[in-house]
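Mind the numbering: the sequence shown is residues 9 to 132 in our numbering, read in order. Think of the CB as a built atom: it goes at the ideal place given N, C-alpha and C, for glycine as much as any other residue.
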Amino acid sequence: MSGKVLIVDDSEMIRNFHSYIVKSLGLEIITAVDGADAMEKIYGSDDELLICITDINMPHMDGYTLIERLREDEAYEDIPIIIISTEDEMKDKQRGFEAGANLYLVKPTEPDELLLNIRMLLGK
Ligand SMILES: [Mg+2]
């Protein structure tokens, strides 16, 4: 597989953990510390994004808003988006799917489950 994966989380430990998991697929990683940083990274480069993995609770711009902004742009209306959040209530999941997420996983992240879901979403 080639292409870049955007990993967004305000926790450095989680960013490193998710990056470590995704790197095992041979994909390049871009990280961002919140939704606003993610928007800057996305629009500040020509890199093609394969998939976005984002937290929900973050300062400056949360994950719901990030996803809504991406879905408004036709360049990103179909990109697979995975939410990985500590929030595990149905209302959070519902809001995530309404924003446009393809999948909602709850922390702590299970590496094999994340890899399986990335492969599924990318059709690999
Ligand atoms: Mg967070």
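Worksheet item: Count the other CB atoms within 10 Å of the CB of Asn-24; is the residue buried (16 or more) or exposed (fewer)?
Response: One-based indexing of the sequence shown puts residue 24 at position 16. Asn-24 is exposed by the Cβ-count criterion.
Worksheet item: If you compare alpha carbons, which of Ala-46, Gly-104, Glu-85, Ile-59 is closest to Leu-35?
Response: The residue labelled residue 35 in the question sits at position 27 within the sequence shown. Of Ala-46, Gly-104, Glu-85, Ile-59, the residue nearest in Cα terms is Ile-59.
Discussion item. Taking the straight line between their C-alpha atoms, what separation do you get for Phe-105 and Tyr-112?
Written reply: Numbered from 1 along the sequence shown, position 97 holds the residue referred to as residue 105. Numbered from 1 along the sequence shown, position 104 holds the residue referred to as residue 112. Near 8 Å, if we compare the C-alpha coordinates of Tyr-112 and Phe-105.
Discussion item. If contacts are defined as beta-carbon pairs under 8 Å, then Ile-22 and Ile-61 qualify, I think. What distance do you get, rounded to the angstrom?
Written reply: Mapped onto the sequence shown, residue 22 falls at position 14. Mapped onto the sequence shown, residue 61 falls at position 53. Not confirmed; about 10 Å, so no contact.
Worksheet item: Along the chain, where does the alpha helix (DSSP H) that runs through Lys-101 open and close?
Response: Within the sequence shown, the letter at position 93 stands for residue 101. Segment 98-107, the alpha helix (DSSP H) holding Lys-101.
Discussion item. Please determine whether the Cβ atom of Met-136 lies at a distance below 6 Å from any heavy atom of ligand 1.
Written reply: Any answer about residue 136 is impossible in this case: the structure gives the chain only from 9 up to 132.
Practice prompt. Report all residues from its chain with a CB closer than 6 Å to the CB of Ile-38; omit the five preceding and five following residues, and keep chain order.
Written response: Along the sequence shown, read from residue 1 onward, the residue named residue 38 stands at position 30. Closer than 6 Å at Cβ, skipping near neighbours: Lys-12, Leu-14, Lys-49.
Worksheet entry | Ile-22 in three-state terms, based on DSSP | Against the sequence shown, residue 22 aligns to sequence position 14. Looking at Ile-22 - three-state DSSP - the assignment turns out to be helix.
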